[in-house]
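Accompanying notes for the structure given below.
2 protein chains.
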Amino acid sequence: MSELAATSELLRKAEKLDAADELGALRDRFVLDETVYLDGNSLGALPAHVPDRLADVVRRQWGELRIRSWQESGWWTAPERIGDRIAPLVGAAPGQIVVGDSTSVNVFKALVAAVRMARETGGGPDGAPGAAGGAPGASIGEPGGAPGDGPRDEILVDATTFPTDGYIARSAARMTGCTLRPVVPGDVPGALSGRTAAVLLNHVDYRTGRLHDLPSLTAAVHEAGAYVVWDLCHSAGALPVGLDEHGVDLAVGCTYKFLNGGPGAPAFLYVRHALQDRFDSPLPGWNSHAEPFGMQPEYVPAHGAPRGRVGTPDILSMLALEASLEVWDGVPIEAVRAKSLALTDFFLECVAAYVPAGRVECVTPVAHEDRGSQVALRCPDAGQVMERLIAEGVVGDFRYPDVLRFGFTPLYVRFADVERAARVLAAVLGEAVLTEREGRPEE
Amino acid sequence: MSELAATSELLRKAEKLDAADELGALRDRFVLDETVYLDGNSLGALPAHVPDRLADVVRRQWGELRIRSWQESGWWTAPERIGDRIAPLVGAAPGQIVVGDSTSVNVFKALVAAVRMARETGGGPDGAPGAAGGAPGASIGEPGGAPGDGPRDEILVDATTFPTDGYIARSAARMTGCTLRPVVPGDVPGALSGRTAAVLLNHVDYRTGRLHDLPSLTAAVHEAGAYVVWDLCHSAGALPVGLDEHGVDLAVGCTYKFLNGGPGAPAFLYVRHALQDRFDSPLPGWNSHAEPFGMQPEYVPAHGAPRGRVGTPDILSMLALEASLEVWDGVPIEAVRAKSLALTDFFLECVAAYVPAGRVECVTPVAHEDRGSQVALRCPDAGQVMERLIAEGVVGDFRYPDVLRFGFTPLYVRFADVERAARVLAAVLGEAVLTEREGRPEE
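Protein chains in written order, with the numbering used here: chain A, 1 to 443; chain B, 1001 to 1443.
So this is what it looks like as structure tokens:
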């Protein structure tokens, strides 16, 4: 088929897909222009009603009610209230999620708490040799039944993780007297042992877009008597997670990607109901006290999700997030997943049709069960190519050293955007080849 | 003098003081009404220009530029840029303060780092017995010269602290293998020993308003070869702190009280220049990496203040704070301190004139050198009294169990407000006595 014929056919296909898209009208809930925005997996677009809502928070709640807003405007309970709003999107019953702090800080809380659960020290000093007990009593679907009864002194971390999880895991290991062992997620089952205290995994790989098998990996960790912490940064709001269904112990995630909460919006922390009374936070700030205004010198942890809180919540960012989450009203996450797969399928089809063979290599798995909501293409000059794409109105991410990353937010990305992105990519890559040739006359 | 004569005299005095107040015009920089707002030491009032500035951040920077704003709108460098804006208010040269996270989280960073400095372990496991070395080499005005050379295994914490510092200090002690010893600030010099690794102190007591002697306590801690962390929550923006001048090692503080940054605005962390290369953070998130976008699996800490960063900063709260700080343009902190003392002096004078003797007990020191920017009055029914005061348009804080707390923000509190607050207080206390009598007819 000629290039022109291919273009004409894919344009028609995009038009049909958009016309049939049940989620198509949701795009009107966002502030968008003619830019093809494929970076919602880095910073989600602005929901249209948020500016007015935040203006009310600033002018009336802060400006007029001032200190009274901690009670009257519901500021104090915002972390757990907004957590409950996120809960259905990640398959969690209410009362298990709090919002606050950054993802990095929440990884620290969750991982240290997981190690402590595995050891059941009950508040003793961390890292003291011999403080580690055996695994807790086993029950179906819960950690336990570990082989051996030696100390739990190892943390496994996803070797392909977004770096911050690895850095924080190293600190958590250092401060709990554990060794840290980086392992590719697929190799985790073979790496687990009676020494494993906790495992930190990414649900979707930030670079390749690979979706890891949360149910089977969670089960494997539990079989070894260890606890698992899932990082949902690239899956929350993009696909069903099923935290409760799969018996996940702890999870963290950010809210500024597929959840559209705004730049640097506070992250969330999930602690399974059954583990909440054993959640022993390394950051026991006054907001997590059973009686925060009792001003007691002794720390008594709150029950439930608020135990994951630390200090005073950043209300402006937090209430912008709360307003943002309203775009999810009436949107089933299963429909989001179906559209996400259709978008990435279509992008791969357009890239195959437009981009000369061999010019880019797709590092995102083709199988649906292994794919998140992004497509990552490797090409040697990825940094420059992304700059040109952005200049042409197609916004994705460059991820060092050689990856072009395109995120597909089903709430507002259209199939027509997908076709255009692939078409512009092909043009930029053709141009890049020319520049490369022209740029080397002396060689 | 009759009550009426006293009132008339104090009203005239307030009028004169307001007329002579060089900072009086600053009140116009804030959104205020006829409420007497004496709770700026809990949540500062809204600066008038902030709503429009934040609207621009939301609508244009997030809504239109989206991901580009991390560079084009200066989001990425906001934590250190805003830190430099706070620096002159606390007597710090540029490049030593970053903004981000809550005060509680920053206390954890600072205190763990202080213990590590005292031990100079250089990255080994925390809490391992014997890992602790002696004090670092002594030099004038620096920690060192400690008696003995045993392990540094004790943290001293202000026994009268706002509770969160105590809770976090206990966690820091637990995770570094230290014991925690609560000590009243005045007793710290006598409690220091060759075992002391770090000392966490409040500059101004949140309950009593007592101002502690930062220069002499810092010197005492250094003489013992230990490191000091100062909590400036109730002094930053209220009085000169002189961090550099007095050789403070580390400091933290919040920005939503006297700095008016907005509800839950991000806190700040100060690490003295000379210690920055030894600042070994327990929360080494990707934002503190030397090359944050290099996506390297190994952690290499950034130089300078950014080493205190952790995860992605909460931009909306942070840029609201940045805008808020403009109210300080051209305002010398020495003038703020002078007015603060005049305000609290005048309040004490009015309370003495209006409130029947013995009805309240002032727990704030009378000596200027011992007084922060608040007045705390103890009375048995403080909770109910504060409720009535608020209903009458005089807003202060109740602090469990029996303290009425009145904060005086020199940027916007008038002497007329002070007189009215004391007058309403006297009326409410008179009323309360009546109610108390009437409420117990059966006894």
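Glycine is no exception: its CB is placed at the ideal position from the N, C-alpha and C atoms.
None of these values were measured; they are calculated from a predicted model.
Counted within 10 angstroms of its Cβ, other Cβ atoms place residue i as buried (16 or more) or exposed
i                 : result
THR196 (chain A)  : buried
TYR400 (chain A)  : exposed
GLN1071 (chain B) : exposed
PHE293 (chain A)  : exposed
PRO410 (chain A)  : buried
LYS1109 (chain B) : buried
GLY330 (chain A)  : exposed
GLY186 (chain A)  : exposed
ALA1093 (chain B) : exposed
ALA1020 (chain B) : exposed
ALA1135 (chain B) : In this prediction, ALA1135 (chain B) scores a pLDDT of 37, lower than 50, which makes its location untrustworthy; the coordinate-derived value is nonetheless stated afterwards. Buried: at least 16 other Cβ atoms inside 10 Å.
THR77 (chain A)   : exposed
HIS368 (chain A)  : exposed
LEU243 (chain A)  : buried
Whole-angstrom C-beta distance between residue j and residue i, which should lie under 8 Å
i                 : j                 : result
VAL1036 (chain B) : VAL1394 (chain B) : 5 Å
ARG1278 (chain B) : MET1175 (chain B) : Incorrect: roughly 19 Å between the Cβ atoms, too far for contact.
ARG1300 (chain B) : HIS1289 (chain B) : Checking the sequence, you will find Val at residue 1300 (chain B) rather than Arg. VAL1300 (chain B) to HIS1289 (chain B), Cβ: 6 Å. Contact.
SER324 (chain A)  : VAL50 (chain A)   : 6 Å
VAL248 (chain A)  : ASN106 (chain A)  : The Cβ separation is near 14 Å, so there is no contact.
LEU192 (chain A)  : ILE155 (chain A)  : About 12 Å separates the two Cβ atoms, so there is no contact after all.
VAL184 (chain A)  : VAL199 (chain A)  : Rounded, the Cβ-Cβ distance is 12 Å, inconsistent with contact.
ILE1082 (chain B) : LEU1321 (chain B) : 6 Å
LEU1089 (chain B) : LYS1339 (chain B) : Not really, about 15 Å apart at Cβ, beyond 8 Å.
Residues near residue i in its chain [Cβ-Cβ closer than 7 Å; skip 5 each side]
i                 : result
GLY1304 (chain B) : GLY1095, GLN1276
TYR256 (chain A)  : LEU43, GLY44, GLY262, PRO263, GLY264, ALA265
PRO240 (chain A)  : GLY91, ILE333, GLU334, ARG337
GLU392 (chain A)  : VAL424, VAL428
ARG1170 (chain B) : LEU1180
ALA353 (chain A)  : ALA6, LEU10
ARG1378 (chain B) : VAL1360, GLU1361, VAL1363, ASP1402, VAL1403
Proximity to residue i [Cα-Cα], best of the options
i                 : options                                    : result
LEU1032 (chain B) : A:VAL331, A:ARG59, A:GLU34                 : A:ARG59
ILE1390 (chain B) : B:ARG1420, B:TYR1412, B:GLN1374, B:GLU1369 : B:ARG1420
TYR412 (chain A)  : A:ALA352, A:ARG29, A:LEU17, A:ALA290       : A:ARG29
CYS254 (chain A)  : A:TRP328, A:ALA93, A:SER102                : A:SER102
TYR1206 (chain B) : B:ARG1181, B:ALA1422, B:PHE1258            : B:PHE1258
LEU11 (chain A)   : A:ALA226, A:CYS350, A:GLY63                : A:CYS350
VAL1327 (chain B) : B:ALA1025, B:GLU1431, B:GLU1154, B:LYS1016 : B:ALA1025
VAL418 (chain A)  : A:ALA5, A:VAL228, A:LEU4, A:LYS13          : A:LYS13
GLY430 (chain A)  : A:PHE398, A:PHE415, A:ASP397, A:VAL385     : A:VAL385
VAL1229 (chain B) : B:ALA1219, B:GLY1237, B:ARG1307            : B:ALA1219
ALA1172 (chain B) : B:LEU1214, B:LEU1283, B:LEU1232            : B:LEU1283
ALA1226 (chain B) : B:ILE1067, B:GLU1291, B:VAL1157            : B:VAL1157
GLY1166 (chain B) : A:ALA422, A:ARG53, A:PRO297, A:ALA382      : A:PRO297
Cut-off 6 Å between Cβ atoms - residues of its own chain near residue i, not counting five sequence neighbours on either side
i                 : result
GLY439 (chain A)  : Annotation note: pLDDT 42 at GLY439 (chain A) (below 50); position unreliable, no value reported.
PRO79 (chain A)   : VAL98, VAL99, GLY100, ARG309, PRO313
GLN1061 (chain B) : SER1069, SER1073
ASP1280 (chain B) : ALA1113, ARG1116
THR161 (chain A)  : ASN202
LEU1046 (chain B) : VAL1031
PRO182 (chain A)  : VAL157, ALA159
Coarse secondary structure for residue i, derived from DSSP in three states
i                 : result
CYS1350 (chain B) : helix
PRO51 (chain A)   : helix
PRO79 (chain A)   : helix
ASN1287 (chain B) : helix
TYR37 (chain A)   : strand
GLN1071 (chain B) : helix
GLU1451 (chain B) : Because chain B here runs from 1001 to 1443, residue 1451 (chain B) falls outside it and cannot be looked at.
TYR167 (chain A)  : helix
GLY100 (chain A)  : coil
ALA224 (chain A)  : coil
GLY1141 (chain B) : Note that GLY1141 (chain B) has pLDDT 46, beneath the 50 cutoff, so the model's placement of it is unreliable and no number is given.
VAL115 (chain A)  : helix
Sequence-distant residues of its chain with Cβ nearer than 8 Å to residue i (five each side left out)
i                 : result
GLN1374 (chain B) : ASN1041, VAL1204, GLY1209, HIS1234, THR1344, THR1364, ARG1405, PHE1406, GLY1407, PHE1408
ARG371 (chain A)  : GLY209, ARG210, LEU211, LEU341, THR344, THR364, PRO365
THR164 (chain A)  : THR103, SER104, VAL107
ASP1153 (chain B) : ALA1132, GLY1177, CYS1178, THR1179, ARG1195, ALA1197
ASP1084 (chain B) : PRO1094, GLY1095, ILE1097
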